[in-house]
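Protein sequences appear in the order of chains V and P. With the working numbering applied, the first sequence covers -11 to 48. With the working numbering applied, the second sequence covers 210 to 510. Below is one structure; the comments refer to it alone.
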Amino acid sequence: MSFFVFRFSTVLVGLFSLPALLLPAILSLGFGLYLIAKSHKAVFGETIDQPRLIDSGVYS
Amino acid sequence: MYLGILLFCLGLFFISPSLLSFGVWLAFFILYDKMATYEQKDLIRILGEEYIVYQKRVSKWFPRIRLRSSLENKLGKKMSKDLMVEINQDHFRERFNKYTRRAFQMLPKMEKPRILDIGCDSGVPTIELAKLSNGEIIGMDINQSLLDKLNRKIEEEGFSSRVKTVKRSLFEIDFPDESFDIIWAEGSIWIIGFEKGLKEWRRLLKPNGFLVIHDEIKTVSNKLKNIPRYGYKLISYFSLPEDAWWTEYCKPLEIRIKELYVKYKNNSEALKIFKKYQSEIDMVKRNPKEHSSAFYIMRKS
């Protein structure tokens, strides 16, 4: 889409093979999702009356 | 949360790398960084020094991942509380009461003064002030567990009728103007800065009221020079012995920690806590003079 629609360079695709890109992609997606899930649970996991510091889990 | 979203987007970039998708990711990063910086300022305003201390421990972009169960976390917190009781830092802090007394005796005799102890912590100076004066004292701090500890001491010492505690941030002191005869602040003004503290706390003092600050000795000449600029007259000033924090506080605390090291040598959680204490002690040990402090006794002019 970058190449055909936006006329932007996709030169980076040619520089690395798919398996070489797949590993960092899986790691980033996996760790990213892990952090999102953990922080979502820490922030929205309980209802609090007054603002207070969250200093547990990924925020510790 | 933001780091998670950015890492997820980075993963998508790796799947389909192009200059455009990298540009979009970079734009997201800048936007989220600006949002995080803005939110940090807001959190300092809302939570005050509690957040500043947290900020020093946990960086903006790198979370501290701990692969432990919530039960282990709970046990860790309980262990930390139990150890704090066992270490009993207040016992060592009480050695500085002689300096609190010395500073208080430099003030003129006052009948039932109203005193505000800003950043009272667990109230070692607060209790001492209650013993020294017959006035009404308010201990103010943001940390509820420390205030609970102080409340227990107040009850034990029989000061319940005239010593109270208030949970409040240094950044949001909302007492009416001219409420206090004396403002006392030991080891707390650094949080908002010496000059800003002088400027903001002035309105709380009654005419000719007194401000007593115990602060680090660094840039002392600048501090002394700025006192009249913020509407105070310096009554007196004295510095603690250069090695006081080492000989009277850290050294005995280190001995105590070493005793506990032996007792808890098989407890990894406890050893981690002791290590944290030891690293703070080592900072003072390396250069005791660097950690010297002084009392500034001022009158509102």
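Quick reminder that beta carbons are idealized off the backbone N, C-alpha and C, glycines included.
| request: Using a cut-off of 7 Å between C-beta atoms, extract the partners of Pro19 (chain V) located in chain P. | output: For the purposes of this step, residue 19 (chain V) is identified with residue 31 of the first sequence, where counting begins at 1. It is worth fixing the name first, because residue 19 (chain V) is Phe in this sequence and not Pro. Ordered by position in chain P, the residues that pass the 7 Å Cβ test against Phe19 (chain V) are Leu216.
| query | Name the chain V residues whose beta carbon is nearer than 8 Å to that of Phe271 (chain P)? | reply | Taking the first residue of the second sequence as position 1, residue 271 (chain P) is located at position 62. Per Cβ cutoff of 8 Å: no residues; Phe271 (chain P) is ~10 Å from chain V at best.
| query | Is Tyr571 (chain P) helix, strand or coil when you go by DSSP? | reply | Since the displayed chain P opens at 210 and closes at 510, residue 571 (chain P) lies outside it and no answer follows.
| task | Can you check DSSP and say which residues form a bridge with Leu256 (chain P)? | result | Taking the first residue of the second sequence as 1, we reach residue 256 (chain P) at position 47. According to DSSP, which records beta bridges pairwise, Leu256 (chain P) is partnered with nothing at all.
| said: Let me confirm a value: Val372 (chain P) is counted as buried when at least 16 other C-beta atoms fall within 10 Å, else exposed. Which label applies? | reply: Position 163 of the second sequence, counted from the first residue, corresponds to residue 372 (chain P). Looking at its Cβ environment, which holds 16 or more other Cβ atoms inside 10 Å, Val372 (chain P) is buried.
| Alpha-carbon spacing of Tyr470 (chain P) relative to Gln264 (chain P), whole angstroms | Reading the second sequence from its first residue, position 261 is the one you call residue 470 (chain P). Reading the second sequence from its first residue, position 55 is the one you call residue 264 (chain P). Approximately 29 Å, taken between the alpha carbons.
| query | The beta strand (DSSP E) spanning Gly418 (chain P) covers which residue range? | reply | Taking the first residue of the second sequence as 1, we reach residue 418 (chain P) at position 209. From DSSP, the beta strand (DSSP E) with Gly418 (chain P) extends over 414 to 425.
| Pick from P:Leu325, P:Glu337, P:Ile444 that is closest to Phe305 (chain P), judged by C-alpha positions | Taking the first residue of the second sequence as 1, we reach residue 305 (chain P) at position 96. Between Phe305 (chain P) and the set P:Leu325, P:Glu337, P:Ile444, the nearest pair of CA atoms involves P:Glu337.
| request: Enumerate in chain order the residues of its own chain whose CB-to-CB distance from Glu395 (chain P) is below 6 Å, with the five nearest sequence positions on each side excluded. | output: Counting from 1 along the second sequence, the entry for residue 395 (chain P) is found at position 186. Cβ contact annotation for Glu395 (chain P) (same chain, cutoff 6 Å, sequence separation greater than five): Pro334, His423, in chain order.
| Taking buried to mean at least 16 other C-beta atoms within 10 Å of its own C-beta, is Thr456 (chain P) buried or exposed? | Along the second sequence, one-based indexing puts residue 456 (chain P) at 247. Classification of Thr456 (chain P): exposed, given that the 10 Å Cβ count is below 16.
| task | Output the residue ranges of the alpha helix (DSSP H) runs that lie fully inside the region 312 to 400 of chain P and measure 4 residues or longer, sorted by chain position. | result | With a minimum length of 4 residues, the continuous alpha helix (DSSP H) runs that stay inside the region 312 to 400 of chain P are 333 to 341, 353 to 366.
| request: Kindly list the residues whose CB is nearer than 7 Å to the CB of Met315 (chain P), restricted to its own chain and excluding five residues on each side of it in sequence; keep chain order. | output: Here the question's residue 315 (chain P) lines up with position 106 in the second sequence. For Met315 (chain P), where only same-chain residues beyond five positions count, the Cβ hits under 7 Å are Ile444, Ser445, Ile506.
| request: Figure out for me which residue from P:Ser369, P:Phe380, P:Arg361, P:Leu407 has the closest Cα to the Cα of Asp350 (chain P). | output: Numbered from 1 along the second sequence, position 141 holds the residue referred to as residue 350 (chain P). Of the listed residues, the one whose Cα sits closest to Asp350 (chain P) is P:Phe380.
| said: Is it the case that the region 381 to 393 of chain P contacts the region 353 to 371 of chain P, given that we only count it when at least three CB pairs across the two stretches are under 8 Å? | reply: no
| task | Check whether the region 219 to 231 of chain P touches the region 7 to 21 of chain V, counting contact only when three or more Cβ pairs, one atom from each stretch, lie closer than 8 Å. | result | yes
| request: Tell me where the beta strand (DSSP E) around Ser448 (chain P) begins and ends. | output: Taking the first residue of the second sequence as position 1, residue 448 (chain P) is located at position 239. Ser448 (chain P) -> beta strand (DSSP E) spans 441 to 448.
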